């Protein structure tokens with residue numbers, strides 16, 4: 013009986029932990045990046061968004077990688093607006109779901 017209860021608890025807990033491991037990541041091209049200071053400023057603007065956990069800018073690839081907080085959806089318009097406010101031009105974006 014005790015093992016049946018433990019199995020049931022485990023099965024009920026499984027969906028909660030499976031969803032917690034998923035992170036959405038937005039990879040977006042950015043035009044106009046010229047120096048490390050530009051990349052740093054863009055990272056700061058992107059991390060100010062409420063849904064964003066972290067952001068990294070690849071100067072050589074002219075792209076940004078934005079990791080969202082667990083459970084958040086990708087608001088591409090807000091991300092593109094943050095890029096424009098930082099003085100750059102957003103390009104194509106891909107939304108990926110990463111497993112931890």
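Numbering (my numbering), first residue to last: 13 to 112. Built from N, CA and C at the ideal position, the CB exists for glycine as well. Predicted model, so just to flag it, every value in this text is computed and none were measured.
Coarse secondary structure for residue i, derived from DSSP in three states
i          : result
residue 70 : strand
residue 59 : helix
residue 95 : helix
residue 80 : strand
residue 45 : coil
residue 87 : coil
Proximity to residue i [Cα-Cα], best of the options
i          : options         : result
residue 70 : 34, 45, 96      : 45
residue 87 : 54, 111, 64     : 64
residue 73 : 91, 67, 41, 106 : 41
residue 97 : 81, 60, 83      : 60
residue 95 : 34, 35, 37, 53  : 53
residue 90 : 37, 62, 36      : 62
Beta-carbon proximity of residue i to residue j, cut-off 8 Å
i           : j           : result
residue 103 : residue 43  : yes
residue 34  : residue 111 : yes
residue 38  : residue 105 : yes
Cβ neighbour criterion (16 or more within 10 Å) applied to residue i
i           : result
residue 57  : buried
residue 108 : exposed
residue 67  : buried
Query raised in the report: How do the stretch 77-90 and the stretch 43-51 stand: do at least 3 beta-carbon pairs fall below 8 Å, yes or no?
Result: no
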